[in-house]
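Peer 1: One structure coming up, written as structure tokens, with questions to follow.
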């Protein structure tokens, strides 16, 4: 979901939330559920083209959303952090003289398990400019992944 904040009349501001209806972002359902639970209704709602995609636009007054913008931001932040950690996990699985490979049909599940292990505060390091960087130990990721990547069954043995 794209969230835009624009100036409005009399020192006010408006918040516009744009959701891609063809390919929603992963956080969209949770944001919608939050807004529904809080009974937040947009002042204006429309569907149309945004950057070449069929989208829904919801406009709210900034004062109306008030403290809810912080919670919506946290929901969005969690999904962005997860995306970044998933990217780093996949990168570390392949960047080694001993990469860890998964069959395509098992990769998503294996990465989800690794995400539960590695998506924590230690995964992020604050840089001098105040921004954060993902700092996963590549060998630790591969070591955690190896038991998950080994074949199972009666013919398998450790040699």
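Numbering (this note's numbering), first residue to last: 33 to 191. We treat Cβ as the ideally placed atom computed from N, Cα and C, and that holds for glycine.
Would you tell me roughly how many angstroms separate the C-alpha atoms of residue 191 and residue 178, rounded to the nearest one?
Peer 2: Per-residue confidence for residue 191 stands at a pLDDT of 42, beneath the threshold of 50, marking its modelled position as unreliable; no derived number is given.
Peer 1: Does DSSP put residue 36 in a helix, in a strand, or in coil?
Peer 2: Residue state, collapsed to three classes: strand.
Peer 1: Quick check: the Cα distance between residue 87 and residue 56, rounded to an integer number of angstroms?
Peer 2: Going by the C-alpha atoms only, they are around 9 Å apart.
Peer 1: Quick one: using the 10 Å Cβ neighbour count with 16 as the cut-off for buried, is residue 67 buried or exposed?
Peer 2: The residue is buried, with at least 16 neighbouring Cβ atoms inside 10 Å.
Peer 1: Along the alpha helix (DSSP H) that carries residue 173, what are the first and last residues, could you check?
Peer 2: Residues 170-181.
Peer 1: Can you tell me whether residue 106 is buried or exposed? The criterion is at least 16 other CB atoms within 10 Å of its CB, across all chains shown.
Peer 2: It counts as exposed.
Peer 1: What is the C-beta distance between residue 150 and residue 168, in whole angstroms, given that I count them as a contact (C-beta under 8 Å)?
Peer 2: Contact holds; Cβ gap of about 6 Å.
Peer 1: Do the CB positions of residue 63 and residue 104 come within less than 7 Å of each other?
Peer 2: Closer than 7 Å, so yes.
Peer 1: Tell me the rounded alpha-carbon separation between residue 176 and residue 122.
Peer 2: When rounded, the distance between both Cα atoms is 13 Å.
Peer 1: Tell me the DSSP secondary structure of residue 64 in three-state form.
Peer 2: The answer is helix: DSSP assigns residue 64 an H, G or I state.
Peer 1: Please report the distance separating the alpha-carbon of residue 80 from that of residue 89.
Peer 2: Distance between the alpha carbons of residue 80 and residue 89 is about 8 Å.
Peer 1: With a 10 Å radius around its C-beta and 16 neighbouring C-beta atoms as the bar for buried, classify residue 108 as buried or exposed.
Peer 2: With 16 or more Cβ atoms within 10 Å of its Cβ, residue 108 is classed as buried.
Peer 1: Using 8 Å for Cβ pairs, my map puts residue 143 next to residue 156. What's the rounded Cβ distance?
Peer 2: Contact flag wrong, Cβ pair sits at about 18 Å.
Peer 1: Let me know the secondary structure DSSP gives residue 52 once reduced to three states.
Peer 2: Three-state DSSP puts residue 52 in a strand.
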